[in-house]
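Student: Residue numbers (my numbering): 258 to 443.
Every residue gets a Cβ at the ideal spot worked out from N, C-alpha and C, and that includes glycine.
Next up is a structure, given as structure tokens.
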């Protein structure tokens, strides 16, 4: 059973997403750019819901895998142990993130891989802290970090391929600037 306190991190996260969308839409934008910003905000909200909310179903549980307990948090620190359907679902969940990064700004594959690893590490670290503090019933799994990074890279590479295909005009339509979402100098 969940309580309101367990939902507070997600509510705060949604607030931050809405503020970010407000900042991005405060400039004059084309229809394609507004679609990109709004769908990115919706996507981030869904990812937050899937990763930061309490659950009565522990997605990482593999019947044959014994967790490594860190306090009250079940973890899997061993890569590629206990691969189940959620392994592939995590890749699918992060492909849109890579697509958005491709619409934001061109980067090297190494930079995108690092960003993907940082995103996965951030999600799993946040889940660990929230589970320790609020008992969110989530596993912390190194496989999720790996699959999140893989999904980001796949999505980004898909956009890079589309930029050099007959669909390059579509990619340009949804990019916030000519090839970039944010200015180079921040």
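Go to residue 333, then tell me how far its alpha helix (DSSP H) extends in each direction, as first and last residue.
Tutor: Not the alpha helix (DSSP H): residue 333 falls in the beta strand (DSSP E), residues 330–333.
Student: Residue 329 and residue 421 - do their beta-carbons sit closer together than 8 Å?
Tutor: Taking 8 Å as the Cβ cut-off, residue 421 and residue 329 do not qualify as a contacting pair.
Student: Let me check one thing: in DSSP terms, what residues is residue 326 bridge-paired to?
Tutor: DSSP output for residue 326 lists 331 as bridge partner(s).
Student: Within the same chain, show all residues whose beta-carbon is closer than 8 Å to that of residue 356, passing over the 5 residues directly before and after it, in chain order.
Tutor: So the qualifying residues of the chain are 412, 413, 415, 416.
Student: Return the chain-ordered list of same chain residues with a C-beta closer than 6 Å to the C-beta of residue 442, the five sequence neighbours on each side being excluded.
Tutor: Unreliable positioning characterises residue 442 in this predicted model, as indicated by a pLDDT of 42, which lies under 50. The coordinate reading is nonetheless provided below. Excluding residues within five positions, none has a Cβ falling inside 6 Å.
Student: Where residue 354 and residue 298 are concerned, what is the direct C-alpha to C-alpha distance, given to the nearest angstrom?
Tutor: Taking the straight line from one Cα to the other gives about 11 Å.
Student: Less than 8 Å between the beta carbons of residue 372 and residue 358, yes or no?
Tutor: Contact flag set, yes.
Student: Could you tell me whether the stretch 341–349 touches the stretch 283–303, where touching means 3 or more Cβ pairs closer than 8 Å?
Tutor: The stretch 341–349 vs the stretch 283–303: no contact.
Student: If you drop the 5 nearest sequence neighbours on each side, which residues of the same chain put their C-beta closer than 8 Å to that of residue 388?
Tutor: Around residue 388: 329, 330, 394, 395, 397.
Student: Report the three-state DSSP secondary structure of residue 362 (helix, strand or coil).
Tutor: Note: residue 362 maps to strand in three-state DSSP.
Student: Tell me which residue opens and which closes the alpha helix (DSSP H) that residue 282 is part of.
Tutor: Taken as a continuous stretch (DSSP letters only), the alpha helix (DSSP H) holding residue 282 covers 261–282.
Student: Out of 288, 295, 410, 352, which has the shortest C-alpha to C-alpha gap to residue 279?
Tutor: Ranking 288, 295, 410, 352 by Cα distance to residue 279 puts 295 first.
Student: Put residue 439 into one of helix, strand or coil per three-state DSSP.
Tutor: Its pLDDT being 44, under 50, residue 439 is placed unreliably in this model, and the value from its coordinates should be taken loosely. Residue 439 falls in the coil class under three-state DSSP.
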